[in-house]
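What follows is a single structure, written as structure tokens, with notes after it.
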Amino acid sequence: MPNKNLLSKFSVLVLVLFLTPFVYPITFPVAYAQDFTTGLAESIFVEAGRSVVSGDIVSLKNNRFELSSKPYDSSMYGVITDNPALVMEDRALEGRSYVAISGEAFVRVTSKNGNISKGDPITSSDLPGVGQRSTLSGQIIGVALQDYSSDDPNQVKEILISVDIRPYVVEGNVKVNLIEALRSGAQAPFLTPLTSLRYVLAALVTAGSFILGFAAFGKTSGSGVEALGRNPLASKEIQRSVVFNMLLTVAIMLSGLALAYFILVL
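Positions 363 to 628 (this note's numbering) are the ones given, in order, by the sequence shown.
Structure, rendered in structure tokens:
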């Protein structure tokens, strides 16, 4: 009889162990999905104006950890997680949080910079701790492993990303207008070598055309004044010459601006 009871208990234990992997995800789907994190994490103390929650993006600035609060933050350090797979923990640190610096983790995102598709680069935003889709060259926190779309830019949701903090460079040859090109160049923390060369060439061409135009006009106008003093009777011809040189100067400057424009947008 004891052997029979022992065999019965052993059978129940085997059955429980066999069914657990199948029953647990069904019974606790939310907890299972939200707590899934892989890779390495560290224990840190985050100085924030609110409670730090899982999925927040944190930055390291002046030896202090804080919530990332600007787009393309070059100081991004990792993503807060409640249940890391592997952690380097400082048990003496009070009020510590765990920050994932590699692997896969859930991050809080918004659609204010556009809907997110799987494979899109994710960066920080102007919402503290919240990420967004990256559309410019700059620092990213990782790559999206899930889609997310919302018509409400203020709505925040967690999606799974592959944590890979690095500079991200947008390569593209899409034609844009001059204002958009200048705006993108001013906003992007990092520029591609080709984009940098275009801005440098456009600036050199613009400066060169203005210098050449002013130098030519100054020289011809000075000669015209001197000629007018020597021969007052030829004043009309000298004035026409000065006007012609002035128009030529304007043409040189406009040509330089046009060339700089085409360098930027083509």
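We put the beta carbon where it would ideally sit given N, CA and C, even for glycine. What you are looking at is a predicted structure, and each value in this text was computed from that prediction instead of being measured.
Contact set for residue i: own chain, Cβ-Cβ below 8 Å, skip 5 residues either direction
i    : result
D482 : R495, S496, V505, A506
V612 : G575
R602 : none
V449 : L402, A403, E404, S405, Y460
Q517 : T472, S473
Nearest to residue i (by Cα), restricted to the options the options
i    : options                : result
S499 : S512, T485, I521       : T485
N445 : S436, A467, V605, P433 : A467
R426 : A410, Y460, D452, S464 : A410
A462 : V415, V518, S473       : V415
For residue i, three-class secondary structure by DSSP
i    : result
G618 : helix
S459 : strand
V441 : strand
V492 : coil
R412 : coil
F330 : The question about residue 330 has no answer here: the residues shown for the chain are numbered 363 through 628.
Q501 : strand
Contact check, residue i vs residue j, beta carbons under 8 Å
i    : j    : result
M438 : S413 : no
I503 : V525 : yes
S479 : D509 : yes
G491 : R458 : no
S511 : N477 : yes
Cβ-based neighbour list, residue i, same chain, cut-off 7 Å, excluding 5 preceding and 5 following
i    : result
R528 : I502
T568 : G618, L619, A622
L522 : E466, F468, L507, Q508
Other residues of its chain near residue i: CB distance less than 6 Å, five sequence neighbours each side excluded
i    : result
G417 : F468, V469, R470, E520
First and last residue of the uninterrupted beta strand (DSSP E) at residue i
i    : result
L429 : 426–429
Y519 : The amino acid at residue 519 is misidentified as Tyr; the sequence shows Lys. Element bounds for K519: 519–530.
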